[in-house]
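Just so we're aligned, residue 3 is where the sequence shown starts under the working numbering, counting upward by one.
Glycine residues also receive a C-beta, built at the ideal position from the N, C-alpha and C atoms.
Fair warning: this is a prediction, and the values are worked out from it, not measured in the lab.
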Amino acid sequence: MKNVLLVGANSDIAKSLITILLDRGFNVYAACRKEFFSENSKLVYVVLDICDENSIERFLDKIKDIKFDAVVNFAGVAITSPVECMNINDLKYQFDVSVFGLVRLLKLISPYLDKNSKVINLSSMASFGVFPFISPYCAAKAAGDILLNAFEIETGIKCVSIKPGVVRTKFWQYCIDINKDNFNNFEGKYKEIGNFLLNNAKANSKKGLFPNDVARVIFKAICAKRPSSSYIVGKDAKFASLSRFIPKNILNKIIRYTLNKRMKARKN
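Here it is, written out as structure tokens:
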């Protein structure tokens with residue numbers, strides 16, 4: 003029987019993946035920051051906050067002698083701000099969750115993996131770095147991909163980065179709430195773009211991929227003997243991935259033009 007650990011398992015995508023895994027007979031260890039209970043013997047909830055060392059120590063007591071066939075990390079947050087107005091503590095928090103938290107997780111689960119195990123991280127099309135005003139999120143996702151790849155080279159354990167486009171989940175509202183103070187950074191010359199970004203985030207919670215669309219791709223990676231190192235999910239993510247082949251000066255002009263065009267369309 004295969005064991006899968008999901009970190010940040012209260013996300014909408016993780017919940018969809020839990021259903022898929024249980025239907026196919028997997029044992030699922032669902033790690034969340036607060037305690038939940040399950041009547042299904044194959045679903046075990048455990049408390050874990052990858053930004054809290056004490057939580058990590060307590061978590062280790064719960065998973066003794068378990069070998070995981072796959073570990074999937076969903077933990078994430080998205081900080082928004084113009085760079086020149088950015089609060090450094092907010093930037094640190096972004097990296098604490100998405101970068102330092104990922105490293106803590108890799109250090110934590112390494113003894114519970116073998117050469118056939120897989121580590122899967124939910125990245126984003128933002129890792130291609132083409133989205134202004136959410137540069138902390140873009141930078142953290144790109145850094146996470148780099149660290150994950152280095153971990154694979156160093157250990158021989160297969161690592162997979164999942165890069166979805168817009169997914170209709172509660173993550174958008176969560177990010178709106180957590181950035182409540184940061185929207186003050188959009189006063190003055192950034193006010194118009196700030197309003198656009200806020201409205202766009204609200205709209206994204208109702209469009210794009212369904213959580214199950216991404217969950218199915220993650221399940222495919224879990225089951226594959228030779229999974230790809232990266233899965234780009236959604237038309238918008240595939241479009242964003244093309245930015246790698248465009249000269250930076252041209253790409254920046256395209257991004258500014260597209261952003262201005264979308265803002266005008268929103269006003270009309």
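- Counting along the chain, Val99 sits inside no alpha helix (DSSP H), nor does DSSP assign it H or E at all.
- Annotation for Ala144: the continuous alpha helix (DSSP H) segment containing it runs 137–157.
- With contacts defined as CB atoms closer than 9 Å, Ser40 and Pro213 fail to qualify as a contacting pair.
- For Ala128, there is no enclosing alpha helix (DSSP H), as DSSP marks it with neither H nor E.
- Around Ser245, the same chain offers Phe130, Val132, Leu253 as residues with beta carbons nearer than 6 Å, after the five sequence neighbours per side are excluded.
- A Cβ-Cβ separation of about 13 Å leaves Ile52 out of contact with Val121 under the 8 Å criterion.
- Residue state for Ile15 is assigned as helix, using DSSP reduced to three classes.
- Asp71 has its alpha-carbon roughly 13 Å from the corresponding atom of Ile220.
- The C-beta distance from Glu194 to Met265 rounds to 7 Å, short enough to meet the 8 Å contact threshold.
- Per the C-alpha coordinates, the member of Lys237, Ala223, Cys34 positioned closest to Ser231 is Ala223.
- A straight-line Cα-Cα distance of about 7 Å links Ala11 and Phe76.
- In this structure Gly158 touches Lys117 by the C-beta definition: roughly 6 Å separates them, less than 8 Å.
- CA-to-CA, the gap between Asn89 and Asn29 works out to about 42 Å.
- With a beta-carbon spacing of about 6 Å, Ile178 and Ala203 fall inside the 8 Å limit used to define contacts.
- Considered as a whole, the region 36–107 harbours 55–64, 90–97 as its complete alpha helix (DSSP H) runs of no fewer than 4 residues, in chain order.
- In the DSSP assignment, Asn29 is bridged to Asn5.
- Around the Cβ of Lys208, a 10 Å sphere holds fewer than 16 other Cβ atoms; the residue is exposed.
- Taken in chain order, the whole alpha helix (DSSP H) runs of length 4 or more contained in the region 147–231 are 173–180, 193–206, 213–225.
- Around the Cβ of Ile68, a 10 Å sphere holds fewer than 16 other Cβ atoms; the residue is exposed.
- Within the model, the alpha-carbon separation for Ala33 versus Asn262 is close to 41 Å.
- In terms of CA proximity to Lys182, Asn197 leads the group Lys191, Val168, Asn197, Val169.
- Per DSSP, the unbroken alpha helix (DSSP H) holding Asp238 starts and ends at 237–243.
- In the three-state DSSP reduction, Ile252 falls in the helix class (H, G or I).
- Shown here, Lys120 sits in a strand according to DSSP, grouped into three states.
- Tyr114 is not bridged by DSSP to any residue.
- Within a 10 Å sphere around the beta-carbon of Asn201 sit fewer than 16 other beta-carbons, which makes this residue exposed.
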